[in-house]
Structures are given as C-alpha cells and as structure tokens.
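In my numbering, the protein residues as written are 541 to 815.
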C-alpha cells in the first residue's frame, strides 16, 4: 500500500519512520516549507506532495491540530479519493472531528488518538519507536467501514500498539483529566514561578521534581491552544476538580491538620499503583 501523511512533525514523522517497511511509498504533505525540507533530508517521506496528490494513496494519516484536521477532511471530501481509502486522524480530541467529518467520507475515517508523544515538535523530533507499546484509542468504530477498520487495526498492530475502543464523547472527558489538565497545570506552574522568581534562583534551585512538573510547559503552545479550545467544557470540569483538591490541601495546611494532610497525600500515592 501507499500512504500520505498530512503533518510532518513529531507524530506524523514518527509514524513515517515506524512504517517504512509497511508501506511501499510514503508521501508527505505539510504547509511549512522548512518541515518539508527536513522531512526529505531525514528520509521520513519519499516525496513531498499536495493534498490533491493523495487521490492515489491507500492510507491517509492526518497529524495536525484539530481545527486543521476538520478543514483537511472537508478538502479530502471534494477529491476523487480511492473508494476504500483509509483515513486515520491523530487528533487529541475526537467528538468535534467525527461530528464535522463530511458524510461522503465518514466510512473512510477511523478516528484515533495515539497516547504517545514528547514535549518536542517538528520533523527532527521524530522517533521510530514512539508508538511502540503505547495505547491507541479508536473512537466510534461502528461508524467506520469494515475495510477501513481492518486496515487501521493492522497498522496499529504493526506499530505494536495496544488498541482500546470507546465513544468519542467518553474519550474527550477522560483525555481532559488525564492528558489535557496536566498540561494546563504545568503551564500554570511555569508561569507562577516566572512571575515570582528571578532567573538566577530558578537555575540554582530547580531540581528533578520541578523539572518533571514543568516539563510539559515546553509543549507547543499553538497546538495546545487548539486542544484546549476544542475540549473546553471537559477541561473546565477537570480544572474545577483540580482546584477543589488544591483547596483541600490549602485548608489542611492553614489549620495545621498534618495527619489529615498525610492521609490526603497517601491517597494520591494510590495513582501510581494503578499505573
């Protein structure tokens, strides 16, 4: 089969590296000319193409911000695509994508979210084993065609991923708490420290714990603005839940209830036993 990858950054580039032996040919589409040159130089794709060139491919991967995915799907719906082409999007929220997918290509779409990534971006951030042993969430699979479902699952198994199925609305709520909220917390922590501390003290005192907590604040702001916008309601619910826990900790500390604080922290210890 041949493949077209739209978006040649970390996710698209890593997918290209990982599927070099799976696809006969990989075309790359990216609006950024620097990304185009880097992707060719790094050997991520065989050639750079335009959207209309994807009429001849068997699989299309869309790995760009959510609003861009919706726009691309509308563009693809107007092309003369292969009847059984499989379109897989890697959007971090799913409900808005499936709701806005044009009807004439809805059967072709397999709405997916790879629970993988790093805080880095661009073609140079691509990692060949990024997806290995990670979870691929596939949403509303009953609305995808049988050929597309089987093709997508075969690709995900080739990547050695663990496949989980759920509704798009269910996915978005879970993602808000487990993926999106940690990013907003990390950005908040980074800004709190920047507003209170000078550069010298940050450099001197920032140890492993702070680096771990603030690592996500290195993430691409434009991409995460898009994710937060699309999952606004669920993210606000997650922020409120986090605020309530901070309030509990603040009250326990203010009132010198150290034994209760210790119990509260021990409850938090349970999370990594689950993980």
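Glycine is no exception: its CB is placed at the ideal position from the N, C-alpha and C atoms. As the structure is a prediction and not an experimental result, all values here were calculated from the model.
Check, Outcome
"Own chain, CB closer than 8 Å to residue 613, minus 5 neighbours either side, in chain order", "602, 627, 629, 637, 640, 641, 642, 645 and 649"
"Distance CB(residue 634)-CB(residue 651) smaller than 8 Å", "yes"
"Among 705, 715, 708 and 753, nearest to residue 732 - alpha-carbon criterion", "753"
"Beta bridge counterpart(s) of residue 565 as assigned by DSSP", "542"
"Backbone CA spacing between residue 654 and residue 590 [nearest angstrom]", "25 Å"
"Pick from 551, 542, 773 and 573 that is closest to residue 563, judged by C-alpha positions", "542"
"Residue range of the unbroken alpha helix (DSSP H) whose run includes residue 714", "708-715"
"Residue 679 and residue 721 closer than 8 Å at C-beta", "no"
"Nonlocal neighbours in the same chain, by C-beta distance under 7 Å from residue 584, ignoring five residues either side", "548, 553, 556, 557, 568, 663 and 666"
"Between the CA atoms of residue 711 and residue 545 - distance to the nearest angstrom", "24 Å"
"Inter-residue CB distance, residue 631 and residue 600 (contact presumed, cutoff 8 Å)", "Not really, about 14 Å apart at Cβ, beyond 8 Å."
"Buried or exposed (CB count within 10 angstroms, at least 16 for buried), residue 741", "exposed"
"Assigned secondary structure, residue 702 (DSSP; H/G/I helix, E/B strand, else coil)", "strand"
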